[in-house]
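Protein chains in written order, with the numbering used here: chain X, 1 to 326; chain V, 327 to 585; chain P, 586 to 1003.
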């Protein structure tokens, strides 16, 4: 065999070996031992979409929020607070797994073969109730409300990750409504139809001002209670009408004007091009038809028109001839 | 000259025989090729109770989130259809997953096909985007991807997280009964219609429980029970498409009571 | 150097024509690239009207290319050999028509790179699959049938005489190809109608006579277009030599065909008026009183069928080349109008699927991009035909194919062919 070819072959074999070994080593680096899932850092590796909303929300900042830290320190750092403000608090050893309400707090311990098996998700009110059953959260109000009786749970209105209310897109706009009442209108559309015409709405009162009024409990800013029984009671009326209790004076309007409530909050994609009647005959068609009839008419009438024109011009020339002759 | 005539006759004879063979083969393959309805052990169906539906569109949003759907496209549309008493009646319209689906029959490349459990599936890799299925669907259930959907999906993560790939530009897409959730749930021993992780996202998220999902072949499933105990109807029944989505008509007494 | 250039490029009607066509083609090419880049969102197609101008162009091209199979069948299978020169022209027009249709389809489908899927993945239940397969096969047949025409190219004859001779020899198999063409064409022309006819969801389309109407209109329109193109070329260039007697005879035949086509179309429309049928009656209303009123009454019925019927059956007008050409052109236009009406009207009527809901309507107007690309496809057809007339003697009735009449002799003696 040719010497050059031999050398080339040997070189190729070495090259392949080197490439193969490198490939093996490189692929061995990836997919390292999976760490025990359960902490925020591990979950966020795959579930990146939740990181931003959760981190800035109440659940994510539950352990680090300055108001909480202040109060907690002032009260001598009681362990009772940490039961809810941390994940996996063990009262016996006074240690916790992570600060704030992390993934594992609600989603339980991750199955060993996750993501093959889904994370456990308890959607019932009881899960939220583990921390939110304190009277400071209106737990008893929720339990007697019609919503709860009809099988709804906290997650119907609240987004558990961002710990805020869910946003429902308003038809025709790109953004979700900022007004909290939009969530109510979304389901209770009939009630919202007539409300814009009432004087309450004209003064800027929205659904939540009466139906989910904050009931004061001390002056703890962190734990005021929105009334989750959704019943508008005397206390909510008194927010503005207290002076009118026994004497006919003006109401003290306390809320700022809210955005006008759209009549229909359903996100619909009904195209504007749909009409109940078909388009009419286009005017272009009529004009073309008229043009063609004109053309045909002109063609038919042409000989007579020609004759008439000749007759007229002959008459003129005869007259002018006569005149010149005279 | 005669040689030419004989040659031509031979050709014509050969052609006739060839055509006959072709026609015969075609007839045989036609009878064998089954575009017929599936007949598996389970037959999934959805039941929507119009007395409970408030038109809140949570189902639309959960579907958009779990299937990574373009916000301009709605696999499940909630439409208004009349008034009962003084309450508006809504019709949420997913894909009907017809037993005799026109879309399956007309697709030139069989990108639309039946699954054994009755779900009408889409093979987005095979589809050529001819839109014949859109023309044929009596329920306007299919939406075409006229443009590429890039960027974030606004419904994610508030209403759910995507479980299937995003479809490319140039193919029509439609509701899939969240087959990915059904399959995953079944492999884990869960029951679709009962366990949330094995059921379609729209059924799970409905706050009033207006949507039910279950196996028609199982007499104890929520769907079969609902159909047995209530009057139900399907859309455009006269076309004979055999839709798998049943509606329980809104009953004035059962409609949402004034608070 | 520049002097030579100047003498070479002279402004003649031919160069103006080529220049205009080239401009339209270029505009269309740019538009087409835009569509491939940005997607079909550039069109005015929507989920309610998914098939628009491009599909109409596709349908019309296939219909107007039907002169090929009908005339070839007449010449080679019914023994009407004297019309062979017209069949040549028709075959070439057929090839142009089918390539135009392919271009329109490549533009229209959402995934053009997957156009080959129909050949590999079959759904024998689907009429569109059948159309695609038959069109592909028929395109192959047309290519073979066109080979003798291409063999007329001077350049080919000089440079590659053997290949030219081989291509010429394909004419030997003309009857065989004609049978194939007749079979395949009958299959897909009628299936094109059935593509609409099986859609139960839209009662305006759901009728068995769809296949008959499409087949009939294709035969009538295809032959008319061939005759019109032949006559027009003879008037525009001396290169196209025609035998007017042949054309007059086929035009007479077209007149009779028009009676049949008019009968079917008028009866189809009349039968729809009997009793109210949801969807179907609304569709007819769109045609008679709605946005298609002008298209239907004037272009389809009056100009497309009644006027040509009278003009072609009445001898004095048939003998007059101007009236004959006008009638033939109007027939072709009427066939295009029929396809446009059928395709769009069926989609504009929105059948409700909610109980008690009313029938609604939508509208469709092609976008600029659709019009530009459509115009480019048409100009491609016109250019190809003009080039054929100029270089391939596509319209030349003095060129009688004697290939299939030749006798193979091995002697050196002269042979006289009677």
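Don't be surprised by glycine CBs; every beta carbon is placed ideally from N, CA and C.
Tell me, please, whether the CB atom of residue i is closer than 8 Å to any CB atom in chain X?
{"i": "residue 874 of chain P", "result": "yes"}
{"i": "residue 883 of chain P", "result": "yes"}
{"i": "residue 383 of chain V", "result": "yes"}
{"i": "residue 527 of chain V", "result": "no"}
{"i": "residue 947 of chain P", "result": "yes"}
{"i": "residue 599 of chain P", "result": "no"}
{"i": "residue 487 of chain V", "result": "yes"}
{"i": "residue 935 of chain P", "result": "yes"}
{"i": "residue 482 of chain V", "result": "yes"}
Measure the alpha-carbon distance for residue i versus residue j and round it to whole angstroms.
{"i": "residue 297 of chain X", "j": "residue 914 of chain P", "result": "22 Å"}
{"i": "residue 853 of chain P", "j": "residue 846 of chain P", "result": "11 Å"}
{"i": "residue 548 of chain V", "j": "residue 524 of chain V", "result": "14 Å"}
{"i": "residue 324 of chain X", "j": "residue 282 of chain X", "result": "57 Å"}
{"i": "residue 194 of chain X", "j": "residue 717 of chain P", "result": "57 Å"}
{"i": "residue 120 of chain X", "j": "residue 462 of chain V", "result": "41 Å"}
{"i": "residue 480 of chain V", "j": "residue 207 of chain X", "result": "26 Å"}
{"i": "residue 607 of chain P", "j": "residue 731 of chain P", "result": "24 Å"}
{"i": "residue 897 of chain P", "j": "residue 840 of chain P", "result": "5 Å"}
{"i": "residue 602 of chain P", "j": "residue 966 of chain P", "result": "13 Å"}
{"i": "residue 294 of chain X", "j": "residue 800 of chain P", "result": "35 Å"}
{"i": "residue 485 of chain V", "j": "residue 373 of chain V", "result": "22 Å"}
{"i": "residue 934 of chain P", "j": "residue 633 of chain P", "result": "9 Å"}
{"i": "residue 948 of chain P", "j": "residue 880 of chain P", "result": "15 Å"}
{"i": "residue 623 of chain P", "j": "residue 474 of chain V", "result": "8 Å"}
{"i": "residue 87 of chain X", "j": "residue 99 of chain X", "result": "6 Å"}
{"i": "residue 626 of chain P", "j": "residue 952 of chain P", "result": "10 Å"}
{"i": "residue 567 of chain V", "j": "residue 364 of chain V", "result": "13 Å"}
{"i": "residue 96 of chain X", "j": "residue 90 of chain X", "result": "6 Å"}
Shorter than 8 Å from the beta carbon of residue i to some beta carbon of chain V?
{"i": "residue 632 of chain P", "result": "yes"}
{"i": "residue 151 of chain X", "result": "yes"}
{"i": "residue 683 of chain P", "result": "no"}
{"i": "residue 195 of chain X", "result": "no"}
{"i": "residue 256 of chain X", "result": "Below a pLDDT of 50, predicted positions are generally treated as unreliable, and residue 256 of chain X, at 43, falls in that range; the measurement from the model is reported next regardless. Not closer than 8 Å to any Cβ of chain V, the Cβ of residue 256 of chain X fails to qualify, so no."}
{"i": "residue 708 of chain P", "result": "yes"}
{"i": "residue 834 of chain P", "result": "no"}
{"i": "residue 154 of chain X", "result": "no"}
Please decide whether residue i counts as near chain P, where near means a Cβ-Cβ distance under 8 Å.
{"i": "residue 338 of chain V", "result": "yes"}
{"i": "residue 407 of chain V", "result": "yes"}
{"i": "residue 288 of chain X", "result": "yes"}
{"i": "residue 293 of chain X", "result": "no"}
{"i": "residue 53 of chain X", "result": "no"}
How would you call residue i, buried or exposed, if buried means at least 16 neighbouring beta carbons within 10 angstroms?
{"i": "residue 157 of chain X", "result": "buried"}
{"i": "residue 725 of chain P", "result": "exposed"}
{"i": "residue 415 of chain V", "result": "buried"}
{"i": "residue 46 of chain X", "result": "exposed"}
{"i": "residue 70 of chain X", "result": "exposed"}
{"i": "residue 457 of chain V", "result": "buried"}
{"i": "residue 257 of chain X", "result": "No answer about residue 257 of chain X holds up, because its pLDDT of 43 lies below 50 and its placement is not dependable."}
{"i": "residue 497 of chain V", "result": "buried"}
{"i": "residue 310 of chain X", "result": "exposed"}
{"i": "residue 277 of chain X", "result": "exposed"}
{"i": "residue 12 of chain X", "result": "exposed"}
field: Cβ contact check for the region 740 to 757 of chain P and the region 683 to 703 of chain P: 3 or more pairs under 8 Å
entry: Contact fails: fewer than three Cβ-Cβ distances are below 8 Å.
query: Between the region 883 to 890 of chain P and the region 760 to 772 of chain P, do three or more beta carbon pairs fall short of 8 Å?
result: Note that the region 883 to 890 of chain P does not touch the region 760 to 772 of chain P; fewer than 3 beta-carbon pairs, one per stretch, sit closer than 8 Å.
message: I'd like to know if the region 947 to 965 of chain P and the region 808 to 817 of chain P are in contact, where contact means that at least 3 CB-CB pairs between them fall below 8 Å.
response: They do not touch, by the three-pair rule.
query: Quick one: complete beta strand (DSSP E) runs, 3+ long, within the region 736 to 764 of chain P?
result: Listed in chain order, nothing qualifies, since the region 736 to 764 of chain P has no complete beta strand (DSSP E) run of 3 or more residues.
field: Unbroken stretches of the beta strand (DSSP E), 3 residues or longer, contained in the region 461 to 528 of chain V
entry: Complete beta strand (DSSP E) runs here, min 3: none at all.
field: Runs of beta strand (DSSP E) lying entirely within the region 388 to 465 of chain V, each at least 3 residues, in chain order
entry: You should have 403 to 410, 413 to 419, 438 to 440 and 446 to 448.
message: Within 8 Å, do at least three Cβ pairs link the region 222 to 242 of chain X to the region 136 to 148 of chain X?
response: Yes: at least three Cβ pairs fall under 8 Å.
query: Is the region 569 to 582 of chain V touching the region 375 to 391 of chain V, taking contact as three or more C-beta pairs under 8 Å?
result: Enough Cβ pairs lie closer than 8 Å, so yes.
message: If contact is defined by three or more beta carbon pairs under 8 Å, each pair taking one atom from either stretch, is the region 569 to 576 of chain V in contact with the region 405 to 423 of chain V?
response: Short answer: they touch.
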